[in-house]
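Before any comments, here is the structure.
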Amino acid sequence: MNRCSWGIKNELLKQYHDNEWGVPVWDSQKLFESFALEIFQAGLNWVTVLNRREAFRAVFSQFDPNVLSRYTNYDVERIVQNTEIIRNERKIRAVIHNAKVVAKLPMSFSDYMWQFVDFEPIRSPQVIFDDFKSRECLTKRITRQMKKDGFVFIGSKLINAFLQAAGFVNDHAITCFRYHELAI
């Protein structure tokens with residue numbers, strides 16, 4: 058069975074690749090989790106984040122934006138002390154700040170994000186995004202709007218990774234079995 062080359066490095070990545078990466082996420086809370094984990098991944102190896110995912114879920118109230126939006130400086134200090142997570146205070150504060158932005162959106166986080174791709178996963182990005190500039194245009198547009206709406210600790214690279222992970226685009230290699238399953 059052919060997989061994307063990154064999805065065969067170890068069992069954890071294989072499971073993530075086969076079961077989650079690139080599968081469209083419509084649930085707002087799960088989508089916020091994916092977004093938050095991308096923030097923690099910035100500058101790090103994805104395995105580092107996956108190995109700590111359960112601890113992240115515990116300290117961030119299962120990534121429920123409505124609960125996280127009520128976190129205070131006391132909560133930040135408590136989280137920073139947790140040795141089971143990535144203890145980057147700037148990233149911790151960004152996730153909490155972004156939860157506050159999500160809680161104030163006039164729509165669900167899912168609707169907010171999916172509107173950028175007209176509520177339809179981009180199934181064949183290799184055809185639609187025939188060059189890097191097209192993809193870059195999409196991620197820059199999303200990044201600009203999210204920053205305008207108050208989100209922090211984001212950029213085109215992070216947004217691109219988020220779009221891939223949460224299934225907004227099918228970026229599996231064409232030779233990967235998941236590409237064909239998700240292209241339907």
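58 is the number of the first residue of the sequence shown in my numbering; add one for each residue after it.
Think of the CB as a built atom: it goes at the ideal place given N, C-alpha and C, for glycine as much as any other residue.
Just so you know, these numbers come straight off a predicted model, no measurement behind them.
For V137, the CB contacts under 6 Å within the same chain, skipping 5 residues up- and downstream, are R144, E146 in chain order.
Pairing E177 with D168, the inter-Cα distance amounts to about 11 Å.
Remark: fewer than three beta-carbon pairs, one from each stretch, lie closer than 8 Å, so the region 101 to 113 and the region 226 to 237 are not flagged as touching. Under the three-state reduction of DSSP, V80 is assigned to coil, being neither helix nor strand. Under the three-state reduction of DSSP output, I142 falls in the coil class, being neither helix nor strand.
Within the region 205 to 235, the complete alpha helix (DSSP H) runs of at least 4 residues fall at 213 to 222. Comparing C-alpha distances from S91 to each of A218, A230, H229, V226 shows the shortest one belongs to A218. The beta-bridge partner set that DSSP reports for I179 consists of V226. By the criterion of at least three beta-carbon pairs nearer than 8 Å, the region 115 to 126 is not in contact with the region 199 to 206. In this structure, G79 lies near G224, with their beta-carbon atoms less than 8 Å apart. Sequence-distant Cβ neighbours of V209 in its own chain, meaning closer than 6 Å and more than five residues away, are A151, H154.
Inclusion of N139 and V116 in the CB contact set at 8 Å is warranted, their separation being smaller than that value.
Here V158 is near D206, since their CB atoms are less than 8 Å apart.
Rounded to whole angstroms, the gap between the alpha carbons of W103 and P163 is 32 Å.
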